[in-house]
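Peer 1:
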Amino acid sequence: MKLHGMGGIYPKGIKIGTIKKIENTNNIVDRVAYIEPAVNFDKVETVLVITK
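For the sequence shown, the working numbering puts the final residue at 222, and the numbers step up evenly by one.
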């Protein structure tokens with residue numbers, strides 16, 4: 171059995187960034203998160219996309 175992160179699409183544990191700030195909205199169930207990416211996208215030259 172393979173465990174996946176939230177939504178079941180991506181593997182659990184892949185670091186995408188660090189949460190810097192969370193703000194509440196007018197809707198009690200919604201929030202906005204500001205994230206500092208784990209990589210410097212200015213230096214990314216190649217991206218590999220794997221499907222199934």
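No residue lacks a Cβ here, since even glycine has one placed at the ideal position from N, Cα and C.
Near N194, what residues of its chain come up, given a Cβ to Cβ distance below 7 Å and the 5 sequence neighbours on each side ignored?
Peer 2: If we look at N194 and ignore the five residues flanking it on each side, its Cβ neighbours are R201.
Peer 1: Could you name the residues that DSSP lists as bridge partners for E183?
Peer 2: Residue identity check: residue 183 is Gly in the sequence provided, not Glu. BP columns for G183 are empty, so no partner.
Peer 1: Can you give me the C-alpha to C-alpha distance between L218 and I192, rounded to a whole angstrom?
Peer 2: Whole-angstrom Cα-Cα distance: 30 Å.
Peer 1: Just to confirm, is the Cβ distance from K185 to A208 under 8 Å?
Peer 2: Contact: yes.
Peer 1: Identify the continuous beta strand (DSSP E) that holds V202 and give its terminal residues.
Peer 2: Run containing V202: R201 to P207, per the beta strand (DSSP E) assignment.
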